[in-house]
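> Numbered per this note's numbering, the sequence shown spans residues -8 to 770. We treat Cβ as the ideally placed atom computed from N, Cα and C, and that holds for glycine.
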Amino acid sequence: MAPITNGAPAPKKRIAVMTSGGDSPGMNGSVRAVVRMAIDRGCEAYCVYEGYEGLVQGGDLIRQAQWEDVRGWLSEGGTLIGTARCKAFTERPGRLKAAKNMIDNGINALVICGGDGSLTGADTFRGEWPSLLEELVKNGDISTEQQKTFQYLNIVGLVGSIDNDFADTDATIGCYSSLGRICEAVDYIDATAFSHQRAFVVEVMGRHCGWLALMAGVSTGADFILIPESPPDRDWEDQMCDIISRHRKLGKRKTIVIVAEGAHDLDLNRISPTKVKDLLSTRLRLDTRITTLGHVQRGGNACAYDRQLSTLQGVEAVNAVLEATPETPSKFIAIIENKIVRNPLIEAVKSTQEVAEAIKAKDFKRALDLRGPEFAEYHKAYMMTTATDQPALRLPKEIHMNIAIIHVGAPAGGMNSATRAAVAYCLSRGHTPIAIHNGFPGLVRHHADEPLGSVRYVQWLDVEGWISKGGSEIGTNRDLPSKVGMGETADCFNIYKFDALFIIGGFEAFTALSELRKARPDYPAFRIPMMLLPATISNNVPGTEYSVGSDTCLNALTSYCDAIKQSASASRRRIFVVETQGGRSGYIATMAGLGIGAVAVYTPEEGINLQMLARDIEHLKQSFAKDKGQTRAGKLILCNEHASDTYTTEVIANMIREESKGRFESRFAIPGHVQQGGTPSPMDRVRAVRLAVKCIEAIEEYAGKTKEEIMEDDLSMAVIGIKGASVVFGSMERLEREETNWNHRRPKDESWLQFKKTVDTLSGRPRPEDCCVGCGKIR
Ligand code: ADP
């Protein structure tokens, strides 16, 4: 169907998109986004097939793409426009042919989704462009007029790579999907390792980059990792054996060592999985096996995060193309924490190459620095939460604290991972971690004299296996301190001599912390540092743009929708209306809509009205009328459970059926608690670990301070959050006062709202201005 443009003047541009180098999950999402966004912005979209090979060969390998051509691509793995390694493009004659083919096809801008090799090639191509054009004129291949028209090469990079090895971005398209495959495999291996008390050495991809190995280590609780940027000390063999035998003595039945493909020692001698296996079997007499994951790490469809990332970055790439001036240096689209930004391509290519050079020169500190602060933080978090008996990390006895940990509200993936990390960190620093079971009701029914009461001192082995566990191992409850009694709660804080509280939960946890803050003047027991780590599938906690658990939920919802979409497409003319959770926040409905390409998303923020429904139904009618069966992709509408009291999911599905007059079918589906997900996603696990460590670090700042000093410090009660490009602590007092929409239990300002428009644009959903008032007819 014809896209509905927003009426902006159409810059007559031809934008081509290609995928190059190693394929990665999510590449199709970026092609879809570039094609549709380009068309929406009044440009013509082209696809270059088979990477640079297509650019060099031209002909049929460069073709115009229509809106319909990319339908259903979000849920497909690999790259549907093909990729190749192209030797010809690495040499000038090849690039000369590529330049000629671009001009022959009238292409003014090129979006390249690929790894560091592909983007290095793109950078070279742009640098040479004026001289390539001169040569083409000299050879009589193009006219001077053409030379003038195409004098500036407009290139934008998208980083598609499973290795996450590109500088100046926190994540590359595909890396979290790949990490997901690895975690899934290690979780399976874990079970058999536990049963037989075996050791496993798992080799993962990454010749120059240890991101996958590091993150797999963090998210599976591996005993030891070996990565190229930070080789182990000279006595690493003893160290590794020490750590593993200590873990075994503590009662651990399994051992996992993760080795990056490019792992080496300080002298750059390769550390192979076989070497590690031999050590474990000869020195420690462990029954040890090697698992090489290989291409499994590339396979399969993209996880929810990669679908969002590829889509949002594809949209941004088109914006960057359209806003570029001859003076603008080439950009690539990056993500820093939660913010999508444009960064200079040349510098990033240089920094990426510098990592390999620094490793070659044995300057490992520089290699780690070049990987950026996020990488370094994960590395530190891994080191601090893996081996708890590290004398160098221990704090002096007089500042050891009793740190209570509590879960409040509904369970969310990553709650246990955060708890495990907090406990491990506390133990390595000498603090006493205390788990409060079953929330505040558990605390006041503590049964102090029972060995298995609700307030328990925790040992490392208790939590060691929790990293991959869904739900809440210590039990969670939504009752607030005011319900169980403020006085009783304060009494328990006194009885157990809590010096600090670490709360993990969603809006309920936020409300609980607010109550404790307001009760501080009356109850000295609450004048202790308290940090909240937002964990809820709804992602509706003020002070953060990301809550632990929301990624797990989006993965569960995306898989559910993929399955439903398949059923919808098998019977061809069917639309499903899927009801999502999310409280009074449309976050998960919108982000899932972005990841599956929903026809429409209904949120509580926007509500639902009759005109909107009429427009959407008309759109569906038109789209089914035009569908001659060339595409089998099913259609979905996502509807948050609180979007409207009147137009419920069932009502909407019935209205669509009634209006379709038998031309297509409509059903509704309610995934319900499936959305809490089973095992937490790798992103939720790693972020839970990193943020939990930061929370306990923040708590430590108050060690030795008086209650008055703590009371005076606004940040002594805070929420940790990811906001834009930063991780920040927001003071409860300020968040309650300025950023909370108490009526609707969500932040006043929801940063993701901007993405709603993107979902609509990319699904071609009609806008109010495109329709006649009342009748819903699309102009
Ligand atoms: P990735 O993009 O995944 O890192 P490669 O390193 O294989 O994968 O690069 C993909 C393609 O990009 C190569 O086959 C080649 O055509 C092109 N390329 C890579 N490096 C350069 C370079 N320095 N100059 C020109 N083209 C290059």
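Tell me whether R54 sits in a helix, a strand or coil according to DSSP, three-state version.
In the displayed model, R54 falls within a strand according to three-state DSSP.
> Give the list of continuous alpha helix (DSSP H) stretches no shorter than 4 residues that lie fully inside the stretch 313 to 372.
336 to 351 and 355 to 361
> Is there contact between the stretch 332 to 342 and the stretch 150 to 160, where contact requires at least three CB pairs shorter than 8 angstroms?
yes
> Distance check for L604 and E760, CA to CA, integer angstroms please.
14 angstroms
> Tell whether a beta-carbon distance below 9 angstroms holds between N818 and S463.
Absent from the structure is residue 818, since the part of the chain shown begins at -8 and ends at 770.
> Using only the alpha-carbon positions, how far apart do L46 and A162 sit?
27 angstroms
> Between Y578 and the ligand ADP, is the CB less than 8 angstroms from at least one heavy atom?
No, the Cβ of Y578 stays beyond 8 angstroms of every heavy atom of the ligand ADP.
> Please state the DSSP three-state secondary structure of F80.
helix
> What separation, rounded to the nearest whole angstrom, lies between the Cα atoms of P525 and E729?
P525 and E729 have their C-alpha atoms roughly 18 angstroms apart.
> So C166 and W202 are in contact, right, with Cβ under 8 angstroms, and what is the actual spacing, rounded?
7 angstroms
> Tell me which same chain residues have a C-beta within less than 7 angstroms of the C-beta of S615, skipping the five on either side of it?
The sequence given here has Phe at residue 615, not Ser. Answer for F615: R564, R654 and F655, listed in chain order.
> Can G13 be considered in contact with the ligand ADP, in the sense that its beta carbon sits closer than 8 angstroms to one or more heavy atoms?
Yes - the ligand ADP has a heavy atom lying nearer than 8 angstroms to the Cβ of G13.
> Can you check DSSP and say which residues form a bridge with C104?
T10 and L149
> With a floor of 4 residues, list each alpha helix (DSSP H) that falls wholly inside the stretch 685 to 715, ordered by position along the chain.
The alpha helix (DSSP H) runs lying completely inside the stretch 685 to 715 and spanning 4 residues or more are 698 to 703, given in chain order.
> Could you check whether the stretch 505 to 517 touches the stretch 681 to 697, counting it as contact only if at least three pairs of C-beta atoms, one from each stretch, sit closer than 8 angstroms?
no
> Mapping DSSP to helix, strand and coil, what is R447?
strand
> Using 10 angstroms around the beta-carbon of N485, count the other beta-carbons present and answer buried if the total reaches 16, otherwise exposed.
exposed
> I'd like to confirm something about A75: is its beta-carbon nearer than 8 angstroms to some heavy atom of the ligand ADP, or not?
yes
> Should the stretch 187 to 204 be regarded as contacting the stretch 244 to 251, the criterion being three or more beta carbon pairs within less than 8 angstroms?
yes
> Using the Cα positions of Y373 and G598, report the straight-line distance between them to the nearest angstrom.
43 angstroms
> Does the Cβ-Cβ distance between P515 and K698 come in under 9 angstroms?
yes
> Using the beta-carbon count (16 or more within 10 Å), is R225 buried or exposed?
exposed
> Is it right to say G476 is buried, meaning 16 or more other beta carbons lie within 10 angstroms of its own, or is it exposed?
A residue is called buried once 16 or more other Cβ atoms fall within 10 Å of its Cβ, and G476, having fewer, is exposed.
> Between H187 and D214, which are expected to be in contact by the criterion C-beta below 8 angstroms, what is the C-beta distance as a whole number of angstroms?
At roughly 16 angstroms, the Cβ-Cβ gap does not stay under 8 angstroms, so H187 and D214 are not in contact.
> In or out: H199 buried (at least 16 other Cβ within 10 Å) or exposed?
Buried.
> Using DSSP bridges, identify the partner residues of P525.
G496
> Where are the beta strand (DSSP E) runs, 3 residues long or more, that stay fully inside the stretch 132 to 199, in chain order?
145 to 150 and 190 to 195
> Indicate, with yes or no, if the ligand ADP has a heavy atom lying under 8 angstroms from the CB of R86.
Relative to the ligand ADP, the nearest heavy atom lies less than 8 angstroms away from the CB of R86.
> Counting pairs of beta carbons, one from the stretch 7 to 25 and one from the stretch 301 to 313, are three or more of them closer than 8 angstroms?
yes
> Alpha carbon to alpha carbon, how far is P738 from E724? Give it in angstroms, no decimals.
14 angstroms
> Give the straight-line distance between the Cα atoms of V750 and A591, rounded to the nearest whole angstrom.
8 angstroms
> Answer with buried or exposed for N19, where buried requires no fewer than 16 other C-beta atoms within 10 angstroms of its C-beta.
buried
> Rounded to whole angstroms, what's the CA-CA distance from A358 to C544? Just pull it up for me.
35 angstroms
> Indicate the three-state DSSP secondary structure (helix, strand or coil) for C544 in the structure shown.
It is helical.
> For N531, name the three-state secondary structure that DSSP assigns.
coil
> Taking the alpha-carbon of S272 as reference, which of I146, T246 and F567 has the nearest alpha-carbon?
Of I146, T246 and F567, the residue nearest in Cα terms is T246.
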